[in-house]
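Participant: Residue 12 in full-length UniProt numbering is what sits at position 12 of the sequence shown, and the numbering runs on without skipping anything.
Built from N, CA and C at the ideal position, the CB exists for glycine as well.
None of the values given here were measured: they were computed from a predicted structure.
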Amino acid sequence: MYMVYWTEVDDGTDTPHSQPFDTSDMIAAMTFMEGLRKRQREGEGVCFVTMASEHPDSVGHPGVDVTGPDYNWKKRRR
Numbered sequence: 001m002y003m004v005y006w007t008e009v010d011d012g013t014d015t016p017h018s019q020p021f022d023t024s025d026m027i028a029a030m031t032f033m034e035g036l037r038k039r040q041r042e043g044e045g046v047c048f049v050t051m052a053s054e055h056p057d058s059v060g061h062p063g064v065d066v067t068g069p070d071y072n073w074k075k076r077r078r
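#1: How would you call Y71, buried or exposed, if buried means at least 16 neighbouring beta carbons within 10 angstroms?
#2: Express the C-alpha separation of V49 and V56 in angstroms, rounding to a whole number.
#3: Between the alpha carbons of E44 and Q19, how many angstroms are there, rounded?
#4: Just tell me which of E34, K74 and S53 has its CA closest to the CA of V46.
#5: Does DSSP put M1 in a helix, a strand or coil?
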């Protein structure tokens with residue numbers, strides 16, 4: 001699933017909006033976002049246009065997991 005978020009500013013009042021799109025419809029989400037950005041370029045009070053995704057068949061849970069005492073990851077640099 002994709003979700004497009006944006007804010008509309010009217011007379012100093014910020015109103016957040018969102019629009020969902022199906023997982024198979026990324027092109028529609030991107031087209032919708034471009035329409036919002038076009039309105040923004042033309043001077044309309046549209047800002048903070050962004051998209052987030054969440055795949056329904058994702059493996060595991062999103063977020064941070066707890067690590068055990070044996071966890072010892074180090075970034076190696078050359």
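Facilitator: Short version:
#1: exposed
#2: Here the sequence assigns Pro to residue 56, which means Val is not the residue at that position. Taking the straight line from one Cα to the other gives about 23 Å.
#3: 19 Å
#4: E34
#5: coil
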